[in-house]
Amino acid sequence: MNYPIWVVPYLGGPWVIGIISIIHIFISHFAVGGGAFLALAEQIAYKRKNENLYNYLKGHSRFFLIITTVSGAMTGVGIWFSISLVSPDGTASLIQSFTLAWALEYLFFVAELATAFVYYYTWDRVSKETHLLLARLYMVFSIMTLVIINGIITFMLTPGKWIESHNWLDGFLNPTYFPGLIIRMLIMAAIAGMYALVTSSRIPDPHFRTYMVRFCAKWLIPIFLLGPIVSFWYLNQIPQAAVQTIFTGIQTSGLGNFSILARALYLSMVLSGTIILFAFFGPYLNPRGFTFRIAILFMICGLSVTGTTEWMRELLRKPYVVYNYMYSNGIRKTEVPDIASAGFLNKGKWASALANTPECKADPGEVVYRYQCMSCHTVDGYRSMKRMIGDRDEESVVGFLNMLKEKDPEKNPYHGIMPPLAANDTELKSLAHYLAGLNGKADGSAPKISHGAQTVH
Amino acid sequence: MVGDTRRGNKLLGFLEERFALSTLLHLAEKKKVPIHRHSVWYYMGGIAAIYLAVQVVTGILLMVYYVPEIQSAHASILKINSQIDFGWFIRSLHSWGANLMIAVVVLHLFSTYFMKAYRRPREFTWLSGLLLLVLCMAFGFTGYLLPWDDVSFFATKIGLDVAAKTPVLGGVIADLLRGGEAISQATISRFFVIHVAVLPICLLGLLGGHLLFVQMHGMSEPDAFKNLPAPKKTYEKFFPNFFFKDILVWILALNVLFVLVMLAPWGIGPEADPFGAAPIGIKPEWYFLSMFQFLKLVPPMIGPIEGELFGILLMGIAALAFAVLPLLDQGQSKSISKLATAYGVIIAIAAIALSVWGALS
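Going down the list, the sequences are from chains U and D. Its first residue numbered 1, the first sequence is counted upward by one per residue in my numbering. Its first residue numbered 458, the second sequence is counted upward by one per residue in my numbering.
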């Protein structure tokens with residue numbers, strides 16, 4: 001509410017973040033897991049003096065370098081670009097709370113990139129011992145980027161003691177920090193193993209191909225088996241309300257009234273089970289028959305598991321961007337009562353300035369919609385407001401919005417799923433006028449809002 | 458450990474004596490699968506089979522709660538969707554599975570057509586496969602009415618009205634299926650019995666025959682592979698090599714089904730009102746859409762013949778040619794072979810174009 005807002009029609013801003021993020025997650029996890037795979041495989045090649053394996057690693061690392069440095073860096077910047085446009089208040093809050101952590105993250109990222117280039121361009125130019133050292137160094141730097149970013153990502157769902165202390169270390173070492181770290185390490189190792197299967201399936205020598213495919217299967221199966229165990233630990237650490245949301249979803253899903261969260265969980269479970277079977281019946285039992293096409297399909301399956309699980313984790317945090325602290329629309333939980341009495345358009349710095357422009361004065365409801373609803377809804381695309389409003393007239397939209405202000409879950413079934421409406425009565429009516437007007441059901445002209453402080457700071 | 462092995466050997470011996478496992482294993486190992494750039498199409502039959510297995514299991518489970526009675530049919534589906542634990546899941550698996558199965562059978566049919574897998578001695582494999590597709594579509598048509606919602610009622614009504622126009626037996630068959638002149642309780646009863654008893658029995662027999670032919674004649678080889686010198690031809694054993702890959706493909710196929718079920722569970726429309734107006738823009742299921750669209754394009758009268766009748770006759774001839782033309786293409790004449798291929802391409806393009814047109818219009 002203190003920054004300009006970016007309108008993304010049909011798709012909605014969160015999906016822009018989601019699409020870029022999911023690509024980045026695949027690549028960044030691959031970069032870290034792949035680093036470990038390269039270091040361990042090179043260690044084996046060095047110990048066994050296996051030139052075949054050395055040659056394989058040279059080829060394997062070329063595509064690895066291109067993907068991780070080019071696409072990884074581009075999508076990483078893309079995330080910053082999109083989150084600062086779609087969720088500027090949330091982004092500002094994360095930067096202010098974890099300034100040192102972000103600086104360290106950047107440092108390790110630069111070190112990781114530099115080592116990756118040195119690693120690739122020094123094949124056959126430095127001694128095998130030095131090259132192995134470079135591989136290990138790359139592994140350490142890439143893991144360090146994970147160690148740091150994991151603290152910030154897990155903080156958003158489980159800020160822990162930070163809520164009271166506002167000490168960055170309390171937020172960083174939050175309750176899901178360690179299970180989150182291990183899960184991510186497993187995902188990274190899994191993606192690296194699946195990618196290695198893709199490159200292994202193209203090895204021309206059939207004996208060495210069989211050896212490498214089975215090597216990858218042995219790398220993957222323990223990871224796939226450990227995944228559900230660590231996930232259980234992770235689920236035990238997340239807020240009870242979020243757990244409740246999952247279980248309510250599961251209980252009602254039996255009867256068809258399932259939440260998207262429950263469906264995401266089922267999908268994640270089914271796909272996770274699937275990849276274990278796939279790894280067993282495919283590369284482990286039949287390494288000779290494991291072709292490039294199957295490896296690609298396997299990779300798609302594995303990435304689907306990662307994507308679905310990340311989607312579920314994001315859904316768990318709803319309606320917050322930082323759990324129990326800041327809602328997805330950038331309004332802090334503690335600010336809601338104040339905004340409800342003083343008025344949203346008198347509080348937000350940019351929102352108030354925007355509402356005071358001649359274009360918005362006639363229909364300030366749209367400004368309230370953009371700041372409070374658009375972080376999850378679009379007018380006529382994803383989670384379409386037109387569809388959700390349906391046949392409701394202005395009066396029934398007012399009733400619905402009043403319900404959204406209720407704090408009692410008995411009176412407000414959307415409590416804990418949607419942020420409360422932070423607006424005074426006039427703003428609520430003007431929002432209702434705008435929303436009902438989307439389907440041509442608005443009455444007369446928009447209610448007039450009198451602004452208090454209008455200065456832009 | 459040794460004891461375990463002995464126990465295992467004893468068990469194997471017991472099974473061997475009674476079921477001649479080694480003979481079965483020998484049969485499976487003897488079968489070989491050619492490896493070439495079109496080998497991926499060999500998986501289609503297996504995928505169709507796994508989807509069929511899903512249909513059988515979920516169909517049996519749905520029968521426990523479904524009531525084939527005009528007053529209760531819609532309510533029983535609603536109950537399955539909203540009151541029976543995971544009823545929505547089973548029903549969605551059944552509905553999505555049916556669509557996927559038909560799609561895969563269509564792919565299987567066209568892949569065998571273009572790979573010329575119908576040539577001697579596999580003519581009956583081809584014909585039985587063609588009949589299996591017809592059976593699958595009959596499953597789809599009869600199953601579509603059972604939820605007794607608005608769309609299913611009117612789509613079935615239109616489908617039967619069109620079928621009645623078929624010369625000679627069309628009217629009799631439509632009356633037999635309807636159990637009278639209008640869709641009623643008799644129709645639900647008949648469609649239910651056909652769906653859960655008649656068609657499955659036909660399917661079992663036909664599928665058994667189809668699989669027997671496949672086993673007898675082995676996997677077909679496309680010309681490009683057949684004409685290779687012997688040292689350049691590579692094969693893999695059906696068991697265990699191809700079979701293990703088959704398992705992977707089944708897992709993937711089931712994944713596709715699960716994703717669809719989770720992300721887009723099958724719903725149900727309002728209860729059918731035989732005296733109400735048909736919903737605007739009603740369309741049949743996608744696998745009947747090309748025929749439906751074709752009939753829409755035919756003018757009401759073509760000379761002295763009624764347009765719909767003319768359209769049905771034309772589609773009948775086209776379908777008959779699709780079934781028979783392959784039997785004439787036995788590989789001796791290049792021109793017939795090319796004609797068969799061209800005809801298949803025309804049929805495939807026409808079916809896709811008409812379906813897309815039908816869906817968009």
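Just so it is clear, CB atoms sit at the ideal spot from N, CA and C, and this is done for glycine as well.
| Query | Result |
| --- | --- |
| Counting only the same chain and skipping the five closest in sequence on each side, list residues whose C-beta sits under 7 Å from that of residue 21 of chain U. | 79 |
| What residue range is occupied by the uninterrupted beta strand (DSSP E) comprising residue 321 of chain U? | 320 to 322 |
| Would you list the residues sitting across from residue 762 of chain D in a DSSP beta bridge? | D:759 |
| Is it the case that the Cβ atoms of residue 276 of chain U and residue 224 of chain U are separated by a distance below 7 Å? | yes |
| Going by C-alpha to C-alpha distance, which of U:330, U:273, U:390 sits closest to residue 304 of chain U? | U:273 |
| In three-state DSSP terms, what is residue 383 of chain U? | coil |
| Give, in chain order, every residue of the stretch 117 to 148 of chain U whose Cβ lies closer than 9 Å to some Cβ of chain D. | none |
| Residue 470 of chain D: buried (16+ other C-beta within 10 angstroms of its C-beta) or exposed? | exposed |
| Who pairs with residue 606 of chain D in a beta bridge, going by DSSP? | D:728 |
| With distances taken Cα to Cα, identify the nearest neighbour of residue 648 of chain D among D:669, D:696, D:601, D:606. | D:601 |
| First and last residue of the beta strand (DSSP E) that includes residue 693 of chain D? | 692 to 694 |
| Among D:545, D:623, D:610, D:466, whose alpha-carbon lies nearest the alpha-carbon of residue 770 of chain D? | D:623 |
| Could you tell me how far apart the beta carbons of residue 508 of chain D and residue 557 of chain D are, in whole angstroms, since I believe they sit closer than 8 Å? | 5 Å |
| Quick one: is residue 651 of chain D near chain U, going by C-beta distance under 7 Å? | no |
| Using 8 Å as the cut-off, can you tell me whether the stretch 799 to 812 of chain D makes contact with the stretch 738 to 747 of chain D, which would need three or more C-beta pairs spanning the two stretches below that distance? | yes |
| In chain order, which continuous runs of the alpha helix (DSSP H) of length 4 or greater are located wholly inside the stretch 173 to 261 of chain U? | 177 to 200, 206 to 237, 240 to 253 |
| At what residues does the alpha helix (DSSP H) containing residue 536 of chain D begin and finish? | 530 to 539 |
| Using a Cβ-Cβ distance cut-off of 7 Å, determine whether residue 26 of chain U contacts chain D. | no |
| Give the residues of chain U in contact with residue 693 of chain D, contact being defined as C-beta atoms less than 7 Å apart. | 289 |
| Confirm, please, whether the CB-CB distance from residue 62 of chain U to residue 719 of chain D is below 7 Å. | no |
| Judging by CA-CA distance, which residue of U:329, U:214, U:260 is the nearest neighbour of residue 279 of chain U? | U:214 |
| Between the alpha carbons of residue 216 of chain U and residue 735 of chain D, how many angstroms are there, rounded? | 58 Å |
| Residues of chain U with a CB under 8 Å from the CB of residue 712 of chain D: which are they? | 270, 271, 274, 301, 304 |
| Distance cutoff 7 Å, beta carbons only. Does residue 282 of chain U sit that close to anything in chain D? | yes |
| Would residue 492 of chain D pass as an interface residue toward chain U - the criterion being a Cβ-Cβ separation below 7 Å? | no |
| Which residue marks the beginning of the alpha helix (DSSP H) containing residue 77 of chain U, and which one marks its end? | 72 to 86 |
| Tell me the start and end of each unbroken beta strand (DSSP E) in the stretch 282 to 348 of chain U that is at least 3 residues and wholly inside, in chain order. | 320 to 322 |
| Is residue 587 of chain D near residue 780 of chain D, with beta carbons less than 7 Å apart? | yes |
| Identify each residue in the stretch 321 to 346 of chain U for which the Cβ-Cβ distance to at least one residue of chain D is less than 8 Å, and report them in chain order. | none |
| Taking 7 Å as the cut-off, decide whether the C-beta atoms of residue 319 of chain U and residue 418 of chain U are in contact. | yes |
| What is the rounded straight-line gap between the Cα of residue 96 of chain U and the Cα of residue 333 of chain U? | 18 Å |
| I want to see whether chain U comes within less than 7 Å of residue 698 of chain D, judged by CB atoms only; does it? | yes |
| Short of 8 Å in beta carbon distance, which residues of its chain neighbour residue 411 of chain U, apart from the five on each side in sequence? Order them along the chain. | 403 |
| Consult DSSP for residue 388 of chain U and reduce its assignment to one of helix, strand or coil. | helix |
| So which of U:2, U:424, U:306, U:415 has the shortest CA-CA distance to residue 338 of chain U? | U:424 |
| Pick helix, strand or coil for residue 501 of chain D, following the three-state DSSP scheme. | helix |
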